[in-house]
Ligand SMILES: Nc1ncnc2c1ncn2[C@@H]1O[C@H](COP(=O)(O)OP(=O)(O)OP(=O)(O)O)[C@@H](O)[C@H]1O
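Residue numbers (the UniProt record's numbering): 1 to 287.
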């Protein structure tokens with residue numbers, strides 16, 4: 001209590017104006033802060049983060065409009081906000097349902113604890129090596145494969161369409177997953193923080209007209225997923241055994257294992273700048 005008394009004294013708040021602050025108030029504030037922190041973290045883990053950022057922009061706009069007394073903008077915002085709240089609930093409905101389900105199963109906090117683990121550079125490099133090794137081996141025997149490596153944009157929406165795996169990435173595991181006539185071989189595998197998060201995931205197909213006619217749905221799905229996320233999407237063709245990489249809506253075809261390794265070796269936490277520069281260079285080279 002002495003600490004708070006000193007803070008109030010330093011702020012010049014008199015004894016008279018000082019709010020009474022008990023242990024229960026502090027506990028109350030801490031619990032609310034903790035819950036808000038968890039909610040923000042949960043939002044960041046789903047695609048709701050992009051929508052959430054849009055909402056923050058609207059709030060910032062409202063604040064500016066209020067400061068500058070832009071009455072027409074304020075009127076429009078205040079009249080659309082009530083509709084907006086309902087719209088947000090509708091748009092976020094799958095995420096909210098998932099969060100409530102997890103809360104019911106008691107998984108919400110454990111999932112958070114696991115996902116907050118630091119990405120280890122050594123483990124990330126090992127993951128890249130294992131994926132490249134698997135792609136090379138699957139290419140040599142013409143086993144089709146589709147692997148997404150999550151970057152900053154969460155792939156939770158794709159992951160939910162598949163079967164959870166949650167295992168450390170290894171070339172043997174990947175080869176096994178894509179083995180013909182096995183239950184997990186169809187669809188895409190999602191790799192997150194050096195673990196295979198899920199298999200048999202369904203990805204959106206690109207509707208670009210520029211995709212070569214000789215490419216089928218596996219490659220179209222790879223390009224489609226790379227258009228709506230910043231993931232590295234690796235495809236091994238079942239027909240030719242060729243290895244390709246989709247990134248930012250661009251497909252880099254017929255890569256050697258070394259080229260693939262170089263392209264996907266950027267560690268996740270380095271941020272997208274360097275990665276994007278490398279990919280952009282590749283894009284220009286292709287064009
Ligand atoms: N939307 C999708 N999401 C995830 N995986 C998909 C999707 N569409 C197709 N696939 C995968 O691709 C396989 C079909 O590949 P298809 O032969 O049509 O594609 P392709 O691009 O010609 O590839 P390949 O060269 O390997 O034959 C499916 O069995 C499935 O595993």
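The C-beta atom is built at its ideal place from N, Cα and C for all residues, glycine as well.
- [ ] For residue 210, verify whether its CB is less than 7 Å away from any heavy atom of ligand 1.
- [x] Here residue 210 refers to the residue found at position 210 of the chain shown. No - ligand 1 has no heavy atom lying nearer than 7 Å to the Cβ of residue 210.
- [ ] Could you check the C-alpha separation between residue 9 and residue 54 for me, to the nearest Å?
- [x] For this step, residue 9 is matched to residue 9 along the chain shown. For this step, residue 54 is matched to residue 54 along the chain shown. So the alpha carbons of these two residues sit roughly 40 Å apart.
Open item on the list: So, with DSSP's three-state summary, where would you put residue 251?
Closed with: In the chain shown, the residue the question calls residue 251 occupies position 251. If DSSP states are grouped into helix, strand and coil, residue 251 belongs with the strands.
- [ ] Would you decide whether residue 56 is buried or exposed? Buried here means 16 or more other CB atoms lie within 10 Å of its CB.
- [x] As a working note, residue 56 is residue 56 in the chain shown. That one is exposed.
Task: residue 66 versus residue 60: straight-line alpha-carbon distance, rounded - done: The count along the chain shown starts at 1 and reaches residue 66 at position 66. The count along the chain shown starts at 1 and reaches residue 60 at position 60. Distance between the alpha carbons of residue 66 and residue 60: 10 Å.
TODO: Return the residue from the list 140, 190, 187 and 185 that minimises the CA-CA distance to residue 256.
DONE: The residue labelled residue 256 in the question sits at position 256 within the chain shown. The shortest Cα separation from residue 256 among 140, 190, 187 and 185 belongs to 140.
TODO: Taking residue 158 as the reference, give the member of 37, 202, 124 and 24 with the closest Cα.
DONE: Counting from one through the chain shown, the residue named residue 158 turns up at place 158. Minimum Cα distance to residue 158 is reached at 202.
Open item on the list: Less than 8 Å between the C-beta atoms of residue 150 and residue 191, yes or no?
Closed with: Against the chain shown, residue 150 aligns to sequence position 150. Against the chain shown, residue 191 aligns to sequence position 191. In contact: residue 150 and residue 191 (Cβ atoms closer than 8 Å).
Task: Assigned secondary structure, residue 70 (DSSP; H/G/I helix, E/B strand, else coil) - done: Position 70 of the chain shown, counted from the first residue, corresponds to residue 70. Residue state for residue 70 is assigned as coil, using DSSP reduced to three classes.
Task: Residue interval of the alpha helix (DSSP H) (run including residue 225) - done: Counted from its first residue, the chain shown places residue 225 at position 225. Here the alpha helix (DSSP H) through residue 225 covers 217-228.
Task: Distance cut-off 7 Å: residue 155 Cβ against heavy atoms of ligand 1 - done: As a position in the chain shown, residue 155 is number 155, starting the count at 1. Residue 155: no, Cβ never under 7 Å from ligand 1.
- [ ] Determine the burial state of residue 20: buried for a count of at least 16 other Cβ atoms within 10 Å of its Cβ, exposed for fewer.
- [x] Looking up residue 20 in the chain shown gives position 20. When all chains shown are included, residue 20 counts as exposed.
Open item on the list: Taking the alpha-carbon of residue 185 as reference, which of 162, 195 and 166 has the nearest alpha-carbon?
Closed with: Position 185 of the chain shown, counted from the start, is the residue given in the question as residue 185. Out of 162, 195 and 166, 162 has the C-alpha closest to the C-alpha of residue 185.
- [ ] Can you say whether residue 220 is buried or exposed, counting buried as having 16 or more other CB atoms within 10 angstroms of its CB?
- [x] Along the chain shown, read from residue 1 onward, the residue named residue 220 stands at position 220. Residue 220 should be labelled buried.
- [ ] Using 10 angstroms around the beta-carbon of residue 178, count the other beta-carbons present and answer buried if the total reaches 16, otherwise exposed.
- [x] Looking up residue 178 in the chain shown gives position 178. That one is buried.
TODO: Using 7 Å as the cut-off, classify the Cβ of residue 203 as near or not near the heavy atoms of ligand 1, replying yes or no.
DONE: Walking along the chain shown from the start, residue 203 turns up at place 203. Shortest gap from the CB of residue 203 to any heavy atom of ligand 1: under 7 Å.
Task: residue 244, DSSP secondary structure in three states - done: As a working mapping, residue 244 is identified with position 244 in the chain shown. In this structure, residue 244 counts as strand in the three-state DSSP scheme.
Open item on the list: Just list the residues that DSSP pairs residue 198 with in beta bridges.
Closed with: The residue labelled residue 198 in the question sits at position 198 within the chain shown. DSSP, once it has assigned bridges, lists 164 and 190 as partnering residue 198.
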